[in-house]
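Colleague:
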Amino acid sequence: MQDRPKAWFGEPLLGLVLRDQAAAKASGEPGGLDFGPICACQDDTGLRGVAIAAQDEDAVRAKAVVGFRIGAQAISVRYRLARTEAGWRIVDVGTDDVPSLVKHLRRFSQ
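Numbering (the working numbering), first residue to last: -7 to 102.
(1) For the alpha helix (DSSP H) holding Ala14, just list the boundary residues, first then last.
(2) Should Ala32 go down as buried or exposed, given a rule of 16 or more other Cβ atoms within 10 Å for buried?
(3) Using CA atoms only, rank isn't needed, just tell me which of Ala15, Val9, Leu93 is closest to Arg72.
(4) Decide if Arg81 is buried, meaning its Cβ has at least 16 other Cβ atoms within 10 Å, or exposed.
(5) Classify Gly28: buried if its beta carbon has 16 or more other beta carbons within 10 angstroms, exposed otherwise.
(6) Distance check for Pro22 and Arg40, CA to CA, integer angstroms please.
(7) Would you call the CB atoms of Ala56 and Ala66 closer than 7 Å?
(8) Let me check one thing: in DSSP terms, what residues is Cys33 bridge-paired to?
(9) So, are the CB atoms of Gly7 and Val83 less than 7 Å apart?
(10) I'd like to check one pair, Arg75 with Val58: are the Cβ atoms closer than 7 Å?
(11) At the level of alpha carbons, what is the spacing between Asp12 and Gly24?
Next comes the structure, spelled out in structure tokens:
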């Protein structure tokens, strides 16, 4: 995922992810996105029990909540999606620890 962000993300998240990746590469330090945003984890080995609840907001926006387990840990991730010319893309990701990845990356880059 992180090597192909355009396949997953739409604006504003796409621009923030690309900027964060460039800053991390230039500095040699981890960026604000130091975890996999799709699974909200460091390592998705053993990911199982995926349950998806999707809700359309309108013709161009939707929400989805995805629950799954990695080992004994239950994880819930909230996605906000937008229809783009390239298809549906994730425009924000939320978890209990990071309610909005967009806000997190904006704060981190300041």
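All C-beta atoms in this analysis are idealised placements derived from N, C-alpha and C, irrespective of residue type, glycine included.
Modeller: Put simply:
(1) 5 to 19
(2) buried
(3) Leu93
(4) buried
(5) exposed
(6) 27 Å
(7) no
(8) Gly28
(9) no
(10) no
(11) 7 Å
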